[in-house]
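**Q**
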Amino acid sequence: MNDEDFYPFPLMENQFKLPKFANFEELNAIKNRKAGKDGSFAAPIVFLQNVVLFPNTITPLSFNSKSMAIHLVANAQAEKTSLIGCYEDPEALKNQNQMQCLPVGIEFVPSRINEDDPDAPSALLQGRRRVQILEMSENEGLIFCRVKPVRESQRISKETKALMRLCVKQFAKYLEMEENGQEEVLLFAEGAETPGELADFISSTLELEHEKRLDLLMELDGLTRLKQVARYITAEINMLELEEEIHNQVQSEMDRSQRENYLREQIAKMQREIGDGKSADPEILELQQKIEAAKLPPEAQNAADKEFARLRSTPSLSPESGMIENYLQWLADLPWNEKAEDNLDIKNAKAVLDSNHYGLKKAKDRILEFLAVRSLKPRRSHQPILCFVGAPGTGKTSLGRSIAETMGRRFARMSLGGVHDEAEIRGHRRTYIGSMPGRILQTMRKVAVTNPLLMLDEIDKLNADFQGDPAAALLEVLDPEQNFEFTDHYLDVPYDLSNTLFITTANTTQNIPPALLDRMELIEFPGYAAQEKIAIARQFLIPTQMAENGLEGETIHFSDDALQTLIESYTYEAGVRSFERQIGAVLRKIALLKTQNQPLPETIHKEDLQQYLGPVEYFPLVAELKDEIGVATAVAWTENGGEIMPVEVLVMPGKGNLQITGQVGEVMQESAQAALSYLKSKTEVFKIPEDFFEDYDFHIHVPEGAIPKDGPSAGITMALAMTSAVLGVPVRRELAMTGEITLRGRVLPIGGVREKVLAAQRSGIKTMLLPSKNEKDLEEIQQNVRKELQFHFVEQMDEVLEFGLLSKPLFSRVLSSHKKRKKDEQD
Ligand code: ADP
1215 MNDEDFYPFP LMENQFKLPK FANFEELNAI KNRKAGKDGS FAAPIVFLQN
1265 VVLFPNTITP LSFNSKSMAI HLVANAQAEK TSLIGCYEDP EALKNQNQMQ
1315 CLPVGIEFVP SRINEDDPDA PSALLQGRRR VQILEMSENE GLIFCRVKPV
1365 RESQRISKET KALMRLCVKQ FAKYLEMEEN GQEEVLLFAE GAETPGELAD
1415 FISSTLELEH EKRLDLLMEL DGLTRLKQVA RYITAEINML ELEEEIHNQV
1465 QSEMDRSQRE NYLREQIAKM QREIGDGKSA DPEILELQQK IEAAKLPPEA
1515 QNAADKEFAR LRSTPSLSPE SGMIENYLQW LADLPWNEKA EDNLDIKNAK
1565 AVLDSNHYGL KKAKDRILEF LAVRSLKPRR SHQPILCFVG APGTGKTSLG
1615 RSIAETMGRR FARMSLGGVH DEAEIRGHRR TYIGSMPGRI LQTMRKVAVT
1665 NPLLMLDEID KLNADFQGDP AAALLEVLDP EQNFEFTDHY LDVPYDLSNT
1715 LFITTANTTQ NIPPALLDRM ELIEFPGYAA QEKIAIARQF LIPTQMAENG
1765 LEGETIHFSD DALQTLIESY TYEAGVRSFE RQIGAVLRKI ALLKTQNQPL
1815 PETIHKEDLQ QYLGPVEYFP LVAELKDEIG VATAVAWTEN GGEIMPVEVL
1865 VMPGKGNLQI TGQVGEVMQE SAQAALSYLK SKTEVFKIPE DFFEDYDFHI
1915 HVPEGAIPKD GPSAGITMAL AMTSAVLGVP VRRELAMTGE ITLRGRVLPI
1965 GGVREKVLAA QRSGIKTMLL PSKNEKDLEE IQQNVRKELQ FHFVEQMDEV
2015 LEFGLLSKPL FSRVLSSHKK RKKDEQD
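In the numbering used here, the protein residues as written are 1215 to 2041.
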């Protein structure tokens, strides 16, 4: 409260029409005058602004030291008299621009004037009672009024009591919410005896606008005032509740955002700590240096940067961190730039290949051509994919190794046998736990250069169940037009395989997925004749095995017939793998003798083998011992090279069915049907009754049932055996044949002649029937092998019968029993 709370004196001289008093003495006289009959009395007026004083309440007020009011107050305190607080009527001022006094004022007594601050003395004003202003007068700026105290009814109805109780309750709540409630204040309220008293007390405490307070002061009826106060409290409580609600809301929002901020700060702090810790981690530093040194191509470098960033924000002990490190390790370990210098010196290459390998002329020539082209035109987009095809032990891998050696490249092998899933070649995505790059990149990491010679073994053993997928991935690996940006699922960035030289191997071409076969250049490794095997043994296998078994420097000789026996009776193969093993086994026994200081044999003879290796293991399938009816010998080409393959035919009464057994593939079954149809078409020539084929069943059996057989090349053999069986004419023994048959009896050429011829020779066959068109293939076969066999080239099935059947058809038990049966039926 300040100076403005008082109107300056003299005030509103012309506005108030008031009687004048003489002076202070007069004033005192009036003041002391007894109250009128109606209880009215006179007192000086102090105009109050802003502060509304209620009966039975106390309010501090400060004054301007120069104002008249403080003198009035000081005088009143000294005289222990009261003053009347008055208020101007705001409505009158607004509407009529007139200064008017409100009709009700407050009688108050000042107490405790405090003059500590001489410029702004203050006093406590103690409100006594409401007064109605009856009249006013003014003298030299001092205004006096005559007032009548307002009496309030002391009778209190139940409703009023209830209202009072309610109000006290509400007031208690209000105080509680305000949180500044002192207990005395509430006690005071509870002690109020009339509604007016209660209303006045509460009004003085409530935070109300000035106008509302004034209205309350003006209201003479206590109950009406209390009702109004009750409304105000309720409104106030509502307001406080709303405030609290808003406050809570704001608080909780603040809380949340503060919490989030706090957490974020903590995370950042932790990350800084972890990050700092991580980059200080020697392993990660090392990894970083390794990756820098690896000079990754941009895409891979990007991936590495990203992963390093991720690694820094991932807790060290989390599994994810391990996965990221693993990935980065892969990036660091793979060769990206390292290269071995290519040596494309053809002379040197020829020398190395010749000194390491016996024979294999075709393969060697092709390799030399390949190297020549490469030295002339290093980057050819249409590089062939080489595929070495041949039985095990025919020298495919060792030749691959030699090529790497001559070119100065590192060599690695990777087997595709049983691969049935693309992921084995291309890896698993990193989302899989424990995922890894595929085998290609695993191998690249092992060789650690970008230009090794990679040999992909057993491409024909890619699992056929799932086909397509691994084959397609493989094509991407092998195809020079695609492999410069090979993508492994795990690595997820392109890897350049175009500097790698791929050579694939297969035992047969039959099972190579067609898409791959199409792109490959096949180089055949046909297997060796016994003579060649002996030569290989002398030049390579025996010296190697001697060295391996610690017999270097010793002179141990294998006689020719010992080697021959090893080949024929202890091994059964087109290549020399088991042969080499058996030589090794013999030499191990001799090494044992050496350690026991016993005399070593100088020469190993055929007869000694049993002692070293035990009894003979193989009794080679040999030509039939006598001429048989319904049995003919085919020569087939299997994974192990060539093999002779007896075909047996039985004709028995039935309904004209054809049965074929012995693990026979579809092509061979069709071939058997064709052979039968051929025979049927010859009924007239052979004088076979027309209805014969309706009354008899044919059963063809191809023994050695464990080995799957397929292909059309047994066609002429089956036709011969069937004819023999029907006509009852034996087939010439020591005769083997190969060739496809057509329905009209033409003989078509077949593949694998060399292997077949070698197999026939191994088995003691003397004569061989071959399709005329295969005559040229004999050139590949060594002279001495060719000399041991007699070849006949045939174009028609008739020629086969001519050579094969021992005599002109004379007697057939089958045919005669058929005739007999027919006759019986007719009778
Ligand atoms: P593949 O890969 O065809 O199964 P390998 O290359 O493993 O056959 O050959 C088996 C063994 O036979 C090796 O010790 C190899 O040196 C030897 N070998 C095969 N062919 C020849 C050859 N023409 N000259 C010398 N050694 C040979």
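Beta carbons: idealized from backbone N, C-alpha and C, even for Gly. Fair warning: this is a prediction, and the values are worked out from it, not measured in the lab.
Could you pull the start and end residues of the beta strand (DSSP E) that Pro1274 belongs to?
**A** That run of the beta strand (DSSP E) goes Ile1272 to Ser1276.
**Q** So, are the CB atoms of Ile1320 and Val1345 less than 8 angstroms apart?
**A** Yes. Within cutoff.
**Q** If you follow the alpha helix (DSSP H) that Val1940 is in, where does it begin and where does it stop?
**A** From DSSP, the alpha helix (DSSP H) with Val1940 extends over Gly1929 to Leu1941.
**Q** Does the distance between the C-beta of Tyr1572 and the nearest non-hydrogen atom of the ligand ADP fall short of 7 angstroms?
**A** Tyr1572 Cβ: within cutoff of the ligand ADP.
**Q** Which value, in whole angstroms, describes the spacing of the CA atoms of Asn1208 and Ser1279?
**A** Because the chain is modelled from 1215 through 2041, residue 1208 falls outside the range shown and cannot be assessed.
**Q** First and last residue of the alpha helix (DSSP H) that includes Ala1848?
**A** Taken as a continuous stretch (DSSP letters only), Ala1848 belongs to no alpha helix (DSSP H), being part of the beta strand (DSSP E) at Val1845 to Thr1852.
**Q** Would you call the CB atoms of Asp1671 and Arg1615 closer than 8 angstroms?
**A** In this structure, Arg1615 does not lie closer than 8 angstroms to Asp1671 by Cβ.
**Q** For Arg1478, does the three-state DSSP call read helix, strand or coil?
**A** If DSSP states are grouped into helix, strand and coil, Arg1478 belongs with the helices.
**Q** Does the Cβ-Cβ distance between Val1849 and Ile1843 come in under 8 angstroms?
**A** No. Outside cutoff.
**Q** From Ala1546, Ser1325, Arg1379 and Met1734, pick the residue whose C-alpha is nearest to that of Ile1510; which is it?
**A** For the sequence presented, residue 1510 should be read as Leu rather than Ile. If we check each option's Cα against that of Leu1510, Ala1546 comes out closest.
**Q** By how many angstroms is the C-alpha of Ser1773 removed from the C-alpha of Tyr1572?
**A** Cα to Cα, the separation comes out at about 19 angstroms.
**Q** Kindly list the residues whose CB is nearer than 6 angstroms to the CB of Asp1710, restricted to its own chain and excluding five residues on each side of it in sequence; keep chain order.
**A** Within the same chain, Asp1710 has close Cβ partners Phe1698.
**Q** Out of curiosity, what's the CA-to-CA distance linking Val1863 and His1915?
**A** Using only the alpha carbons, I get a separation of about 6 angstroms.
**Q** Mind listing, in chain order, the continuous beta strand (DSSP E) runs of no fewer than 3 residues lying wholly within the region 1523-1607?
**A** Correct list: 1599-1604.
**Q** Compute the Euclidean distance between the alpha carbons of Gln1229 and Ala1334, then round it to the nearest angstrom.
**A** Note that Gln1229 scores 35 on pLDDT, short of 50, meaning its location in the model is unreliable; the coordinates nonetheless yield the value given after this. About 29 angstroms.
**Q** Mind checking Gly1632: buried by the 16 CB within 10 Å criterion, or exposed?
**A** The residue in question, Gly1632, is exposed, as its Cβ has fewer than 16 Cβ neighbours within 10 Å.
**Q** Examine the ligand ADP and report whether any of its heavy atoms sits within less than 7 angstroms of the Cβ of Ser1616.
**A** Answer for Ser1616: no, Cβ out of range of the ligand ADP.
**Q** Pick out whichever of Tyr1301, Arg1976, Leu1499 and Ser1891 has its Cα sitting closest to the Cα of Ile1357.
**A** Per the Cα distances, Tyr1301.
**Q** Does at least one heavy atom of the ligand ADP sit under 7 angstroms from the Cβ of Ile1750?
**A** Result yes, Cβ under 7 angstroms from the ligand ADP.
**Q** Are there three or more Cβ pairs, one per stretch, closer than 8 angstroms when the region 1875-1883 is compared with the region 1981-1991?
**A** Counting Cβ pairs under 8 angstroms, fewer than three are found: no touch.
**Q** What residues match up with Val1361 in a beta bridge as DSSP calls it?
**A** BP columns for Val1361 point to Phe1255 and Ile1347.
**Q** Can you grab the Cα-Cα spacing for the pair Gly1405 / Glu1398, in whole Å?
**A** One C-alpha to the other measures close to 10 angstroms.
**Q** Is the Cβ-Cβ distance between Val1845 and Ile1818 less than 8 angstroms?
**A** It is not a contact, given that the beta carbons lie outside the stated cut-off.
**Q** Assuming Val1361 and Ala1257 make a contact with CB atoms under 8 angstroms, what is their CB distance in whole Å?
**A** Right, the Cβ-Cβ distance comes to about 7 angstroms (below 8 angstroms), so this counts as a contact.
**Q** Name the DSSP bridge partner or partners of Thr1981?
**A** According to DSSP, Thr1981 bridges with Leu1949 and Gln2004.
**Q** Do Ile1416 and Ile1460 have their beta-carbon atoms positioned less than 8 angstroms apart in this structure?
**A** No, they are not a contact pair.
**Q** Work out the CA separation of Ile1955 and Thr1586 for me, nearest whole Å.
**A** Sequence check: residue 1586 is Ala here, not Thr. Those two C-alpha atoms are separated by around 43 angstroms.
**Q** Please confirm whether any heavy atom of the ligand ADP lies closer than 7 angstroms to the CB of Val1961.
**A** False, no ligand heavy atom lies under 7 angstroms from that Cβ.
**Q** Return the CA-CA distance between Glu1994 and Arg1968, expressed in angstroms with no decimal places.
**A** Each residue's Cα considered, the two are about 7 angstroms apart.
**Q** Only counting the same chain, and skipping five residues up and downstream in sequence, which positions put a Cβ closer than 8 angstroms to that of Phe1497?
**A** Note on residue identity: the sequence assigns Glu, not Phe, to residue 1497. Around Glu1497: Glu1539.
**Q** Under 8 angstroms Cβ to Cβ from Leu2019, same chain only, skipping five residues before and after it: list those, please.
**A** The answer, listed in chain order, is Leu1934, Thr1937, Ser1938, Leu1941, Val1943, Pro1944, Val1945 and Arg1946.
**Q** Nearest-angstrom Cα distance between Leu1582 and Ala1554?
**A** Going by the C-alpha atoms only, they are around 19 angstroms apart.
**Q** By the three-class DSSP mapping on this structure, what secondary structure does Gln1753 have?
**A** Helix.
**Q** Touching or not, the region 1994-2006 and the region 1742-1756, by the rule of three or more beta carbon pairs under 8 angstroms?
**A** Because the criterion of three Cβ pairs below 8 angstroms is met, the region 1994-2006 and the region 1742-1756 touch.
**Q** Taking the straight line between their C-alpha atoms, what separation do you get for Leu1667 and Asp1693?
**A** Approximately 15 angstroms, taken between the alpha carbons.
**Q** Using a Cβ-Cβ cut-off of 8 angstroms (strictly less than) and excluding sequence neighbours within five positions of Met1650, which residues of its own chain qualify?
**A** Correct list, in chain order: Gly1641, His1642, Gln1656 and Tyr1704.
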